[in-house]
């Protein structure tokens, strides 16, 4: 019981002040030693470790920033290239439709102008047959051109999926603001007849890599150190 009474007589505020003063003194002494070592050009193992960790953090941040900038540049160039291909494809399709419509209109007019001419019916039939064959040949050539354009587009999209696959593996995740874009890119790839290679890379990224928030922890840590 006497021990408890003695404890109640202790001035805890004085003890707290004394402990704080001791800790402050230790901090001042450590800072003084660091200042002296710095002035003398010396470096302790702890100071060297702190400096190396700080330099590594700065170097990592700079490398990630450069990688992100290069990636953004590649994305902009790829998007511009895709827009050009899309515009060319649309123009080509419009020209093809117009050509077919004009040809069909000419054939119709040609037949109407000669439908009442019985003496030339055989010649009309022959010319009509030839025109239909020309249209069929024309459509076949256009179909082949469309196949070539789709093949080129498929290669472009496959390269983009491969670039994103490598980039996401290098940063160990998929940026949050690129998930929808990556999914749409894969859908476009399937739309032009993409093969299993692009599917495998897309599914690996979506099933095995985490989603990275836009504001990374690395940048937050760097700000705190400064």
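Numbering (this note's numbering), first residue to last: 14 to 239. Glycine included, every Cβ here is placed at the ideal spot set by N, Cα and C.
Of all the options 189, 203 and 206, which has the alpha carbon lying nearest to the alpha carbon of residue 223? 189
Leaving out the 5 sequence neighbours to the left and right, which residues in its chain are closer than 6 Å to residue 73 when beta-carbon positions are compared? none
Just confirm the distance between the C-beta atoms of residue 174 and residue 211, as a whole number of angstroms; I'd bet it's less than 8 Å. 5 Å
What does the Cβ neighbour count give for residue 86, buried or exposed, with the cut at 16 atoms within 10 Å? exposed
Buried or exposed: residue 180, going by 16 or more other Cβ atoms within 10 Å of its Cβ? buried
How would you label residue 170, buried or exposed, when you count the other beta carbons within 10 angstroms and need 16 or more for buried? buried
What does the Cβ neighbour count give for residue 221, buried or exposed, with the cut at 16 atoms within 10 Å? exposed
Buried or exposed for residue 107, please, with buried defined as at least 16 other CB atoms from any protein chain shown within 10 angstroms of its CB. exposed
Could you give the DSSP three-state label for residue 184: helix, strand or coil? coil
Using 8 Å for Cβ pairs, my map puts residue 167 next to residue 227. What's the rounded Cβ distance? Going by Cβ atoms, the distance from residue 167 to residue 227 rounds to 31 Å, so no, they are not a contact pair.
Sequence-distant residues of the same chain with beta carbon closer than 6 Å to residue 214, five excluded per side: 174 and 178
Is the beta carbon of residue 183 sitting closer than 8 Å to the one on residue 80? With respect to the 8 Å criterion, residue 183 and residue 80 are classified as neighbours on the basis of their beta carbons.
Over the uninterrupted alpha helix (DSSP H) stretch that includes residue 212, give me the two end residues. Membership of residue 212 in the alpha helix (DSSP H) is indicated by the continuous run 209-221.
Would you kindly report the start and end of the unbroken alpha helix (DSSP H) that includes residue 227? It is not in any alpha helix (DSSP H) - residue 227 carries neither H nor E in the DSSP assignment.
Using a threshold of 7 Å, is the CB atom of residue 200 nearer than that to any non-hydrogen atom of the ligand FMN? Within the structure as shown, the ligand FMN is missing, as the structure has no ligands at all.
Run of the alpha helix (DSSP H) containing residue 189, from where it starts to where it stops: Here residue 189 belongs to no alpha helix (DSSP H), and DSSP marks it neither H nor E.
On the criterion of 16 or more Cβ atoms from any shown chain inside 10 Å, does residue 202 qualify as buried, or is it exposed? buried
If you reduce the DSSP assignment to three classes, tell me which class residue 205 lands in. coil
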